[in-house]
């Protein structure tokens with residue numbers, strides 16, 4: 626027990642000069658009233674700036690959240706429009722094919738109509754020739770009788 630007490634005293638004795646050295650190393654500063662007032666103003670300005678920055682940060686976070694929502698909506702709209710575009714392209718191709726088929730049918734109908742018109746003209750000429758020949762034959766037989 627005495628040994629412990631002696632070791633404890635020895636430790637305190639060694640620490641005392643170290644504490645004194647640390648205390649002596651610390652410098653003392655004096656500040657004037659005007660400097661203190663200026664520091665107080667600076668701290669108030671810093672506090673005000675900090676509060677403004679926090680307000681701006683909150684507003685920016687809100688703006689960012691709104692922008693993200695709009696972006697998501699625009700992305701959904703874009704997806705919908707892309708889907709509609711693909712559907713319209715498919716429909717357009719189908720209508721184009723139908724138009725080509727209709728044009729082919731119209732061309733065939735025109736060719737058929739031209740052929741029919743030529744046949745009708747030929748038949749009309751033939752009938753006209755037969756009529757004229759029949760008229761001439763009738764006149765001839767009437768004159769000959």
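In my numbering, the protein residues as written are 626 to 770. Yeah, the Cβ is synthetic: ideal placement off N, Cα and C, and Gly gets one too.
Which of helix, strand or coil does DSSP assign to residue 770?
Coil, per DSSP.
If we ignore side chains and look at the alpha-carbon of each, how far apart do residue 715 and residue 725 end up?
Residue 725 has its alpha-carbon roughly 15 Å from the corresponding atom of residue 715.
Taking the straight line between their C-alpha atoms, what separation do you get for residue 698 and residue 692?
Straight-line Cα distance between these residues: approximately 10 Å.
What is the DSSP secondary structure of residue 570, counted as helix, strand or coil?
Residue 570 lies beyond the residue range present for the chain, which begins at 626 and ends at 770; the question has no answer from this structure.
Euclidean distance between Cα positions of residue 664 and residue 654:
Going by the C-alpha atoms only, they are around 15 Å apart.
Using the Cα positions of residue 671 and residue 677, report the straight-line distance between them to the nearest angstrom.
Going by the C-alpha atoms only, they are around 10 Å apart.
Just the Cα atoms here: how many angstroms apart are residue 736 and residue 761?
Annotation: residue 736 to residue 761 spans about 37 Å, alpha carbon to alpha carbon.
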